[in-house]
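Visitor: Please see the structure below; I have some questions.
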Ligand SMILES: C[S@@+](CC[C@H](N)C(=O)[O-])C[C@H]1O[C@@H](n2cnc3c(N)ncnc32)[C@H](O)[C@@H]1O
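Numbering (my numbering), first residue to last: 670 to 869.
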C-alpha cells in the first residue's frame, strides 16, 4: 500500500471558492486536484493500492481532512481534469460542514471520507502500519532508500510544511529527496509512484 499525505496550509475548508478561478480563490485547491491525478491515475488505468489524505487548513473552519481510498473508489470517480476533482472536494466540504465528532469520518462517495482529523492525527494513525517518509529537497536520495511493505509519503503544498509540522515529524519520518530542485507537489507524487513501480 502507498499512502500520500498532503498538508495544505491555506486550502479553504468550506466550498466558498470559484471553480473558474481555483488558484486565486480556494487557497490552492488546484494543487490538491493535480496531486489526486498524480497519485491515482495511469493511462487507461487506476491505482487501487493508493490512499491519499488531503489535510486542509485554510479558512473558515480548519481542519478538514478528506481521505481517498483507492481500493474502494468506483471507476470513473477520479477523472484527470482539475474541475471534476475539485467538485469531489466541494462535495466533501459540504458533507463536512458542522461535523461535531473530530475523530469520526463521514462518507462522501464510495472510497471518499471527510473528517476534522488534524495533521498529527493522520500521522499517528498511519504509523501504526506503515513506514513514514517526509519528502523534502534536502532528504536522503530516494535511490538509496530501502523501501519495504506499506509506505507513506508526507508532502507540503506550495508553501511547504510549517516549522512545527517538521518538528512533529522529527524522529518518526525519514526525510527523502527526489532531487536538489524544488518541484511541484503533484510532480513529486508522480515521480515517487513511477520510481516505486520500477522497483517491482
Ligand atoms: C513546491 S514544494 C514547496 C516548496 C516550499 N517553498 C518549501 O520551502 O518547502 C511542495 C512540496 O513538494 C515536495 N518537494 C518539492 N521538491 C522536492 C524534492 N526535490 N524532493 C522531495 N520532495 C520535494 C515537498 O514535500 C514540498 O513541501
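Glycine residues also receive a C-beta, built at the ideal position from the N, C-alpha and C atoms.
All figures in this text were calculated on a predicted structure; none of them were measured in a lab.
Rounding to the nearest angstrom, what Cα-Cα distance links residue 773 and residue 734 in this structure?
Guide: One-based indexing of the chain shown puts residue 773 at position 104. One-based indexing of the chain shown puts residue 734 at position 65. Their backbone Cα atoms lie some 11 Å apart in a straight line.
Visitor: Does the beta-carbon distance from residue 865 to residue 671 come in below 8 Å?
Guide: The residue labelled residue 865 in the question sits at position 196 within the chain shown. The residue labelled residue 671 in the question sits at position 2 within the chain shown. Yes, the pair counts as a contact, with Cβ atoms nearer than the cut-off.
Visitor: Looking only at its own chain, which residues have a Cβ that is under 6 Å from the Cβ of residue 771, when we skip the five neighbours before and after it?
Guide: Translated into positions along the chain shown, residue 771 becomes position 102. Counting only Cβ-Cβ distances below 6 Å, and skipping sequence neighbours, we find 785.
Visitor: Count the other CB atoms, across all protein chains shown, that sit within 10 Å of the CB of residue 813; report buried if there are 16 or more and exposed otherwise.
Guide: For the purposes of this step, residue 813 is taken as residue 144 along the chain shown, with counting starting at 1. When all chains shown are included, residue 813 counts as exposed.
Visitor: Kindly indicate the opening and closing residues of the alpha helix (DSSP H) around residue 861.
Guide: As a first step, residue 861 is located in the chain shown; it is residue number 192 there, counting from the start. Residue 861 -> alpha helix (DSSP H) spans 854-866.
Visitor: Pair every Cβ in the region 789-809 with every Cβ in the region 743-759, then say whether three or more of these pairs are closer than 8 Å.
Guide: Flag = no, the region 789-809 and the region 743-759 do not touch.
Visitor: Measure the beta-carbon distance from residue 678 to residue 826 and round it to whole angstroms, keeping in mind my assumption that it falls under 8 Å.
Guide: Position 9 of the chain shown holds residue 678. Position 157 of the chain shown holds residue 826. Indeed, because the Cβ distance is near 6 Å, the residues count as touching under 8 Å.
Visitor: Any idea what DSSP makes of residue 851, helix, strand or coil?
Guide: Residue numbering aside, residue 851 sits at position 182 when the chain shown is read from its first letter. Coil.
Visitor: State buried or exposed for residue 732, treating a residue as buried only when at least 16 other CB atoms are found within 10 Å of its CB.
Guide: Residue mapping note: residue 732 aligns to position 63 of the chain shown, counting from 1. The residue is buried, with at least 16 neighbouring Cβ atoms inside 10 Å.
Visitor: CB residue 675 to CB residue 795, shorter than 8 Å?
Guide: For the purposes of this step, residue 675 is identified with residue 6 of the chain shown, where counting begins at 1. For the purposes of this step, residue 795 is identified with residue 126 of the chain shown, where counting begins at 1. Against a cut-off of 8 Å, the Cβ pair of residue 795 and residue 675 comes out as no contact.
Visitor: Around ligand 1, what residues have a beta-carbon under 5 Å from a heavy atom of it, in chain order?
Guide: 804, 806, 824, 825, 829, 846, 847, 848, 851, 852, 854 and 857
Visitor: In angstroms with no decimal places, state the Cα-to-Cα distance between residue 862 and residue 725.
Guide: For the purposes of this step, residue 862 is taken as residue 193 along the chain shown, with counting starting at 1. For the purposes of this step, residue 725 is taken as residue 56 along the chain shown, with counting starting at 1. Residue 862 and residue 725: Cα-Cα distance of roughly 23 Å.
Visitor: In the DSSP assignment, the beta strand (DSSP E) including residue 832 goes from what residue to what residue?
Guide: Position 163 of the chain shown holds residue 832. Element bounds for residue 832: not the beta strand (DSSP E) but the alpha helix (DSSP H), 832-838.
Visitor: What do you get for residue 720, buried or exposed, if any count of 16 or more other CB atoms within 10 angstroms of its CB means buried?
Guide: Locating residue 720 in the chain shown gives position 51, counting from the first residue. Answer is buried; the Cβ neighbour count reaches 16.
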